[in-house]
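If you read the sequences in order, they're chains W and F.
Mapping of the first sequence onto my numbering: position 195 corresponds to residue 227, and the numbering continues sequentially without gaps.
Mapping of the second sequence onto my numbering: position 244 corresponds to residue 299, and the numbering continues sequentially without gaps.
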Amino acid sequence: MYHVSKAYAAGSFALRDISLELRRGEFVFLTGPSGAGKTSLLKLLFSAEEPTEGQIVVLGRNIVRLGPAAIPRLRRRIGVVFQDFKLLPRRTVEENVALSLEVVGTPPRVTRAKVFAMLKQLGLQHRRYHHPLSLSGGEQQRVAIARALVNEPEILLADEPTGNLDPDLTLEIMGLIASAATRGTTVVVATHELDLVSRYGKRIVRLDAGCVLDDTPAPGDGA
Amino acid sequence: MRRALVQLGYFVRTALRGLRSSPVTSAVSVVTIGVSLVLVGAFALLLWNMEGLLDRFGDSLYVTAYLEEGRPVEDRRALVEIVATVEGVERVRVVSKREALERFQAGVGRGSALLEGLDENPLPASLEITLLPERRSAEGLRVVVESLEGLPGISDLASGQDWVEGYLRAVALVRAVGLGLSVILALATLLIVTNTIRLAVLARRDEIEILTLVGASRTFVAIPFVMEGLVQGAAGGVAAVLLLLGLFRLVLPGFEFGMEFLLGGVTPRFFSVGEIAALVGGGAGLGLFGSAAALTGGWKA
Ligand SMILES: Nc1ncnc2c1ncn2[C@@H]1O[C@H](COP(=O)(O)OP(=O)(O)OP(=O)(O)O)[C@@H](O)[C@H]1O
Ligand SMILES: [Mg+2]
Numbered sequence: 033m034y035h036v037s038k039a040y041a042a043g044s045f046a047l048r049d050i051s052l053e054l055r056r057g058e059f060v061f062l063t064g065p066s067g068a069g070k071t072s073l074l075k076l077l078f079s080a081e082e083p084t085e086g087q088i089v090v091l092g093r094n095i096v097r098l099g100p101a102a103i104p105r106l107r108r109r110i111g112v113v114f115q116d117f118k119l120l121p122r123r124t125v126e127e128n129v130a131l132s133l134e135v136v137g138t139p140p141r142v143t144r145a146k147v148f149a150m151l152k153q154l155g156l157q158h159r160r161y162h163h164p165l166s167l168s169g170g171e172q173q174r175v176a177i178a179r180a181l182v183n184e185p186e187i188l189l190a191d192e193p194t195g196n197l198d199p200d201l202t203l204e205i206m207g208l209i210a211s212a213a214t215r216g217t218t219v220v221v222a223t224h225e226l227d228l229v230s231r232y233g234k235r236i237v238r239l240d241a242g243c244v245l246d247d248t249p250a251p252g253d254g255a
Numbered sequence: 056m057r058r059a060l061v062q063l064g065y066f067v068r069t070a071l072r073g074l075r076s077s078p079v080t081s082a083v084s085v086v087t088i089g090v091s092l093v094l095v096g097a098f099a100l101l102l103w104n105m106e107g108l109l110d111r112f113g114d115s116l117y118v119t120a121y122l123e124e125g126r127p128v129e130d131r132r133a134l135v136e137i138v139a140t141v142e143g144v145e146r147v148r149v150v151s152k153r154e155a156l157e158r159f160q161a162g163v164g165r166g167s168a169l170l171e172g173l174d175e176n177p178l179p180a181s182l183e184i185t186l187l188p189e190r191r192s193a194e195g196l197r198v199v200v201e202s203l204e205g206l207p208g209i210s211d212l213a214s215g216q217d218w219v220e221g222y223l224r225a226v227a228l229v230r231a232v233g234l235g236l237s238v239i240l241a242l243a244t245l246l247i248v249t250n251t252i253r254l255a256v257l258a259r260r261d262e263i264e265i266l267t268l269v270g271a272s273r274t275f276v277a278i279p280f281v282m283e284g285l286v287q288g289a290a291g292g293v294a295a296v297l298l299l300l301g302l303f304r305l306v307l308p309g310f311e312f313g314m315e316f317l318l319g320g321v322t323p324r325f326f327s328v329g330e331i332a333a334l335v336g337g338g339a340g341l342g343l344f345g346s347a348a349a350l351t352g353g354w355k356a
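Structure below.
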C-alpha cells in the first residue's frame, strides 16, 4: 500500500531509514517507548512533515512531491486522531466532528445525520452542543476519534487513541477502529500500551529510537 | 453547483462566526474604512458640485461688447455680421439702450428710483455674444475677447473670464488635493485593515492549522476571512454614506454663506444611487484587498 523509506530530522534523526509496506485494509499497531518516533512516522504519512530523505507512497501517490493543492486532497482521504486531539475550542462537539465533512462539501443535512450517528456510536450524543474544553479528557479523545472516522476515510491514523480511556471504553473504541479496518480502511494505531497490542492479534511494528526493532505479522497471516 | 452552494453556506456561517467572535477587530476595520471614505466622499461631493456649477453656468457665459454711442445703424449691422463670423461665436444678440435700462430696473427692483432723476438713459447698447458650447471656458473666452478687441464701434469688452479662471483653478486644486488625499487614505486604510485582519488571523492560527490538518485547502480557510473583510468594508461604506448624508442635511444649511460663495447659490447635490453604490463598493474592495493581503502575508507568520 505505501512503501516507506526515509530519515527525518531537525538536526538529529527522529526516524532512521525505515521501510514499511502496508496493504489496503490492514490493521497495524505501531509501538515503542516514548520518543521512539511513532508520532513522527504518522505525520509523514499525511504530509504534516516532509521526510529528509526517502520516498513515501500513499494511496498510489508519491506524497514527497505533492503540490500545495494535492496535500489537502490527500488529507481528506485520511482520518487522523491526534495525540493532543486538536479540537477547535470555540466550536461545539458537533461542529468539530462536522469539520471533516465540511471540507469535502457535504450538504448540511447529511453532515448532521452522519455526525449524530457517529457521536451516538461513541456515546457522546448528549454532549454534542458542548464545547471541547468543558469535556473530560476521555470525552475529548472520543470527539477526536469521531472526527477521524465520520468521513469513512481510506486510511485511519490513530495516535494513542485510547490513552485517556478507561478499560471498558478502550475495548469499545478499539472495536470501532477494528470494524473500520474490516470495511477496508487501512488502520495504523500508535500506542505504547503493550497489553492492548498483544490482545488483538494484529500486525505489530516496534519502533525504538527511530528504527524498526521488529515487524511481527498477525498470527495466521502469511505476509 | 449544489456543492458550491453548500460550501457558500459554510463560508457565510464561518465568516459570521468570525465577525461575532472578534467584535473589536471588526469595529476597528469598519471605523477605519468609514472614516477614510467620509473624507474622500466629502471631497468628491465638493468637487462634483463645483464642476456641476460650471456646467450649469456655462450657458450664461457670454462676452458683452458695449457699443460706442452715436454710430449709424448700418455700422452696427455690419459690426454684428463681423462679430458673428469670429471663430467660437455661436450667436450675437443686440441689447438696445432701452432693453439695457429695463434689465437694470428689473435687476435692481425698487432701487430703480436711482435712475429716475436722469433725463437721459445712461446705459449703452451692447452685443451679447454667446460662445459655441466647446468654447465655454476661460480659454475660449480669452480667444474670443482677443479677436473682438479693436473692432471699430466697440467701446469696451466684458466677460466672466477672470471669474471663470479663478474658479477653474479652485476646482483643479480641490481635485488635486482630493485625489492625493484619496490615494494616501486608501493606502493608509489598506495598511490598517491588513494589520487588523492579520491580528485576527494570528488569533485564530490554531484554528487554521487544525483546518488544514483535516484537509481544508488554503482557499477553504481563506474565503471566510476575505468575506469578513468584504462585510467590514461594505459596512464602513454604508456608515460613511449615512454620515455624509447627515452632514449634508444638517450641517450644510448652517454654512449658507460659504456655500453661496463656493457654489454661487446653486442647491448642492448629494450622491446619486450609482455613486453611493460605488462608495460602498469601494469600502468593500478595501476590506477585500486588506484581508487578502493579510492572508498572503500571514501564512508564513
Ligand atoms: N517538531 C519536532 N521538531 C524537532 N524534534 C521533534 C519534533 N517532533 C518530534 N521530535 C523529536 O523526534 C523524536 C520522536 O518523537 P515522536 O513524537 O515521534 O515520538 P513518539 O514515539 O510519538 O513518542 P510519544 O510516545 O511520547 O508520543 C523525539 O526525540 C522528539 O524530540
Ligand atoms: Mg507520539
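Even glycine gets a Cβ: it sits at the ideal position worked out from N, Cα and C.
Inter-residue Cα distance where the pair is residue i and residue j
i	j	result
F:L234	W:V136	46 angstroms
W:T217	W:I205	15 angstroms
W:F45	W:N94	22 angstroms
F:E189	F:G107	16 angstroms
F:V276	F:M282	11 angstroms
W:V60	W:V96	22 angstroms
F:I184	F:E194	15 angstroms
F:I247	F:V85	11 angstroms
F:G64	F:V286	15 angstroms
W:A213	W:I236	15 angstroms
W:D240	W:F78	21 angstroms
F:T390	F:R153	Residue 390 of chain F is absent from the model: chain F starts at 56 and stops at 356.
F:F344	F:G284	8 angstroms
F:L206	F:L302	52 angstroms
W:R159	W:L165	12 angstroms
F:N176	F:L122	14 angstroms
F:L236	F:F98	9 angstroms
W:L167	W:Q115	16 angstroms
W:Q173	W:F117	6 angstroms
W:L305	W:E82	Only positions 33 to 255 of chain W appear in the structure, and residue 305 of chain W is not among them; the question remains open.
F:E136	F:F159	27 angstroms
W:L119	F:I239	43 angstroms
F:R75	F:A294	19 angstroms
W:I50	W:G242	8 angstroms
According to DSSP, residues forming a beta bridge with residue i
i	result
F:D211	F:Y121
F:V138	None, per the DSSP bridge assignment.
W:N94	W:V89
F:S76	In the DSSP output, where bridge partners are listed per residue, F:S76 has none listed.
W:T248	W:I236
W:T63	W:R238
W:A101	For W:A101, which the question treats as bridged, DSSP gives no partner whatsoever.
W:A222	W:L62 and W:D191
F:T185	F:Y117 and F:R146
Coarse secondary structure for residue i, derived from DSSP in three states
i	result
F:F159	helix
W:G216	coil
W:V89	strand
F:E106	helix
W:S72	helix
F:F303	helix
W:T84	coil
F:R324	coil
W:L119	coil
F:L63	helix
F:G270	coil
F:S151	coil
W:E204	helix
W:K136	Reading off the sequence shown, one finds Val at residue 136 of chain W, where the question assumed Lys. Coil at W:V136, not helix or strand.
F:G205	coil
W:G111	strand
F:W354	In this predicted model, F:W354 has a pLDDT of only 47, less than 50, meaning its place in the structure is not dependable enough to derive any value.
Contact list for residue i against chain A, beta-carbon separation under 9 angstroms
i	result
W:V112	Among the chains of the structure shown, chain A does not appear; the protein chains present are W and F.
**Study point:** 4-residue-minimum alpha helix (DSSP H) runs that sit fully inside the segment 155-196 of chain W, ordered along the chain
**Key:** 169-181
Review point. If contact means a Cβ-Cβ distance below 7 angstroms, which residues of the segment 118-134 of chain W contact chain F?
Key: K118, L120, R122, L131, S132 and E134
Exercise for review: Using a Cβ-Cβ cut-off of less than 9 angstroms, give me the residues of the segment 77-108 of chain W that come near chain F, in sequence order.
Suggested key: F78, A80, P100, A101, I103, P104, R105, L106, R107 and R108
Review point. Taking Cβ-Cβ distances below 9 angstroms as the criterion, which residues of the segment 153-185 of chain W are in contact with chain F?
Key: R179, A180 and N183
Point to revise | Contact list for the segment 134-146 of chain W against chain F, Cβ threshold 8 angstroms | key: E134, V135, V136, G137, T138, P139 and P140
Exercise for review: Taking only beta carbons into account, state which residues of the segment 58-87 of chain F come closer than 7 angstroms to chain W, listed in chain order.
Suggested key: R58, V61, Q62, G64, Y65 and S76
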